[in-house]
Structures are given as C-alpha cells and as structure tokens.
Amino acid sequence: MGDLSAREIMEALVGFPTVSHDTNIPLIDWVEGYLAGIGVTAHRMPKAGDPSKHALFCQVGPDVPGGIVLSGHTDVVPVEGQDWTSDPWTVTERDGKYFGRGCCDMKGFDALALHALQRALTSDLKRPLQIALSFEEEIGCAGAPPLIEAMAEAGLPKAGAAIIGEPSMMECVTGHKGSASFDIHIKGFEVHSSLMHTGVSAIHEAARIIEWANARNAESMGREPSAIARVFNPPWTTVHVGKIRGGTAHNITAGDCRFVLEMRFVPDDDRKDWIGALYEKAAEVEREMQRVAPSARIIFNDGEDVPGLVPEAHGVSEEIVRRITGDNASHVVSYGTEAGHFQAAGISAVICGPGNIEQAHQADEFISVAQFDAGEAFLAKVVDSLCD
79 MGDLSAREIM EALVGFPTVS HDTNIPLIDW VEGYLAGIGV TAHRMPKAGD
129 PSKHALFCQV GPDVPGGIVL SGHTDVVPVE GQDWTSDPWT VTERDGKYFG
179 RGCCDMKGFD ALALHALQRA LTSDLKRPLQ IALSFEEEIG CAGAPPLIEA
229 MAEAGLPKAG AAIIGEPSMM ECVTGHKGSA SFDIHIKGFE VHSSLMHTGV
279 SAIHEAARII EWANARNAES MGREPSAIAR VFNPPWTTVH VGKIRGGTAH
329 NITAGDCRFV LEMRFVPDDD RKDWIGALYE KAAEVEREMQ RVAPSARIIF
379 NDGEDVPGLV PEAHGVSEEI VRRITGDNAS HVVSYGTEAG HFQAAGISAV
429 ICGPGNIEQA HQADEFISVA QFDAGEAFLA KVVDSLCD
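Spelled out as structure tokens, the structure:
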C-alpha cells in the first residue's frame with residue numbers, strides 16, 4: 079500500500095463496520111498490511127475465547143524504555159436507528175467536516191497515529207513510538223488490559239507515557255471517573271396479586287435496591303467534595319439505573335426482574351467500598367425475600383470495570399502534551415477511557431485527541447478538518463519529541 083495520507087488511512091478504517099458486537103478482523107488485516115507496506119512489523123492479539131476480535135500493536139525505534147504509546151480503539155457504536163444524511167461507512171467531506179462513523183470516536187486518531195509512523199521511520203528516534211489498537215472499548219474498555227499485558231509479554235519496552243487519543247479538542251485531559259456496571263437478575267416467587275404477601279415480587283425487591291441507589295446519591299451530593307472530586311461534574315460518585323424490565327401481568331407478583339446498575343467513581347473514592355456496599359444491600363434484600371420464598375434469589379453478572387484516571391503530580395504524559403499544545407488549563411471528564419488501564423499498569427497517561435466528544439455516537443458523526451489537521455501536527459511534534 080505504501081505511504082498513505084492520514085485522510086486516506088481514515089477513509090480505509092471508517093470503511094470497516096467494526097461495531098463492537100461484530101468482528102474487527104478485516105480492519106486489523108488491513109492495518110497489518112499497511113504496516114508491512116511501510117516496513118513495520120505488527121503484533122496481533124486475539125481475544126481470549128473469541129477469535130473474531132483482534133487487537134494490534136507495533137513499535138518503531140530503539141528497544142529502550144521510556145517511549146510513547148499512542149492508544150486508540152478499533153470498535154464503534156451502532157448506526158441502526160440513526161438518521162444519517164450520508165453513508166456512515168464512507169468518509170464524506172462537506173462544510174469543513176469529515177462525516178462518518180468513527181471519524182471522531184476514534185478512527186480519526188487511529189489514522190493519525192498510523193500515519194505518524196511514517197514520520198517516525200525517517201526520524202532519529204532516541205526512544206520508541208508504539209501504537210496500541212484495542213477492541214471492545216465501547217462496551218467497557220474490555221480489550222485494554224489484555225492488550226497492555228500482551229505488549230509486555232511480546233518484549234516491548236515499557237513506555238514512559240501513553241497518549242489516549244479520545245476526542246478532547248486537543249486539550250490535555252488529566253483525569254476521568256472510573257466505572258463499574260452490574261446486570262442484576264432478581265428471581266421472585268409468583269402468586270396472584272391479591273395474595274401478594276405470600277409471594278415475592280421481583281420488581282418490588284428491585285425497587286429496594288434502586289432506592290438504596292437514590293439514598294447513596296443523595297448522601298454523596300450532601301457531602302463536601304474532596305479536592306480531587308471537586309474538579310468533576312458532578313463532584314461525587316454516582317449510582318444509576320438506566321434499564322429495567324420484569325413481570326408478566328398486572329395481577330401477578332413478578333417472578334423476574336432484570337436491571338443494569340452502574341457506578342461512576344471519582345478517582346479518590348474506594349470502588350471496593352462502593353461495590354461492597356451494593357453487595358451487602360443485595361444480600362440483605364435476598365435474606366428477606368427468602369423468608370417468604372426460599373427459592374427467591376438475586377443473581378449478579380458483572381459488566382464493565384473501568385479504572386479512573388487520577389491526575390498525576392508532574393506526570394510525564396501531561397508534561398509532554400502541555401509542552402506541545404501549550405494548554406495549561408485543568409481538564410477532566412466524567413466518562414471513562416482506556417487511560418485508567420494504562421495508568422494502572424504503571425504508565426503515565428493522559429487524554430488528548432482531535433474532535434469534540436459531543437459528536438461521538440451521534441448520527442452524522444464528524445470531525446472538523448481543522449481538528450484533524452491539528453491532530454496531525456500534534457503527533458508530528460510527539461514524534462519529534464522522541465528524538466531529544
């Protein structure tokens with residue numbers, strides 16, 4: 079394929095409909111071929127138990143620690159039910175914007191990172207540039223931990239900094255909340271509603287856990303936030319239920335109820351304490367259910383588990399990004415990214431990428447041409463910094 083422009087690479091990547099629940103292998107095949115064409119050896123990492131998903135990583139430069147890893151994900155959210163005015167799987171330029179699923183979140187950055195390798199190959203690097211492309215970021219950042227582990231197992235030297243290119247308008251984002259979600263299934267005991275005291279309504283019992291969530295939120299809102307929490311909006315850990323279903327008829331106590339509960343933690347809250355409190359409340363509810371019907375129970379299926387990104391004192395990643403962008407303001411976000419996983423692995427991490435997060439996941443998702451060009455200029459300077 080030879081040298082391609084950043085836009086040409088983005089056009090190729092967007093052309094693969096890599097929705098999280100579908101395979102991303104055709105995209106990974108293309109990236110591997112592109113890398114081979116410019117003389118870069120790629121490493122692939124299949125998802126354990128699911129051969130339809132692959133991550134990919136590579137390195138240019140000397141085998142020494144302290145380099146920079148550019149982190150992006152290959153999956154995108156679905157387009158079904160959205161009113162697009164152009165083909166979501168084709169990059170369309172109009173009004174100074176590139177439209178297409180993933181142009182903003184985050185195949186645009188992936189393309190810029192791959193294009194930066196061309197500059198790295200002709201530069202006198204003193205430290206390496208690494209690329210890490212994951213799967214299933216959109217469904218809980220599930221692909222990042224095994225990818226980071228695979229990079230170490232393959233012998234890549236440990237990077238000193240990770241730049242996660244989520245759309246931040248090229249601002250230096252140094253912190254984000256962590257999150258955890260739980261698919262909770264309550265098994266009740268069905269009886270006619272006229273005799274509801276002899277049955278167990280799964281819906282009513284679910285409501286008790288949801289009311290616990292309301293109480294925890296009210297308690298958190300009423301506390302003085304810590305210095306770290308204060309920079310977030312809202313400045314506290316939140317507990318939320320956004321999806322629930324259950325019951326069979328209005329006059330039968332519900333035999334089943336399922337709901338998804340999520341927590342979003344400010345970085346200095348102990349997630350183990352919060353999760354432990356949820357399990358303790360569920361155990362209390364289950365004991366009371368079983369006094370009426372011993373077969374009643376509560377079943378937990380854990381979902382996403384995303385560590386927060388804690389602002390670092392004198393962080394290497396932050397210093398690099400601030401020096402290049404000139405952005406000295408404080409920026410944090412309440413959504414999660416793979417940055418927390420890199421930080422948990424002992425690599426200084428920061429978020430900085432082109433585009434506006436408000437465009438992510440929307441119909442007619444776009445990245446402005448100006449932001450795309452700014453991202454290209456930024457990564458050229460990132461490569462140059464490795465020559466110092």
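Residue numbers (my numbering): 79 to 466. Don't be surprised by glycine CBs; every beta carbon is placed ideally from N, CA and C.
The DSSP-derived three-state label of V338 is strand. Sixteen is the threshold: since fewer than 16 other Cβ atoms of the shown chains lie within 10 Å of the Cβ of P143, the residue is exposed. Going by beta carbons, I402 and F456 fall inside the 8 Å limit. E454 counts as buried, since at least 16 other C-beta atoms from the protein chains shown sit within 10 angstroms of its C-beta.
Under DSSP, L387 forms a beta bridge with H254. Under the 8 Å Cβ criterion, the region 229–237 does not count as touching the region 162–177, having fewer than three qualifying pairs. Between C465 and the set D202, V157, L190, D183, the nearest pair of CA atoms involves D202.
When DSSP states are grouped into helix, strand and coil, P223 belongs to the helix group. Each of G300, V319, P223, V460 was checked against the Cα of R286, and the nearest Cα belongs to V319. Annotated as distal: C181 and V97, with beta-carbon spacing of 8 Å or more.
The region 423–438 makes no contact with the region 268–280, as fewer than three CB pairs between them are under 8 Å. Within 10 angstroms of the beta-carbon of H275 lie fewer than 16 other beta-carbons, which makes it exposed. Inter-segment contact for the region 277–296 and the region 320–328 is present: three or more beta-carbon pairs are separated by less than 8 Å.
The Cβ atoms of F378 and G186 do not sit closer than 8 Å to each other. Shown here for G238: same chain residues with a beta carbon closer than 6 Å to its own, the five before and five after excluded, namely G144, V394 in chain order. For F135, the uninterrupted beta strand (DSSP E) segment begins and ends at 128–138. The Cβ-Cβ distance between K125 and S446 does not fall below 8 Å. Cα atoms of E416 and L225: separation of roughly 11 Å, rounded to the nearest angstrom. Segment contact: the region 149–159 against the region 213–222, three or more CB-CB distances shorter than 8 Å; contact assigned. Across the set F310, G418, I106, the C-alpha of I106 shows the shortest separation from the C-alpha of F94. In the displayed model, P104 falls within a helix according to three-state DSSP. The alpha carbon of A423 has as its nearest neighbour, out of F337, A438, V338, P223, the alpha carbon of P223. The Cβ-Cβ distance between H193 and A361 does not fall below 8 Å. Less than 8 Å separates the beta-carbon of L339 from that of I262.
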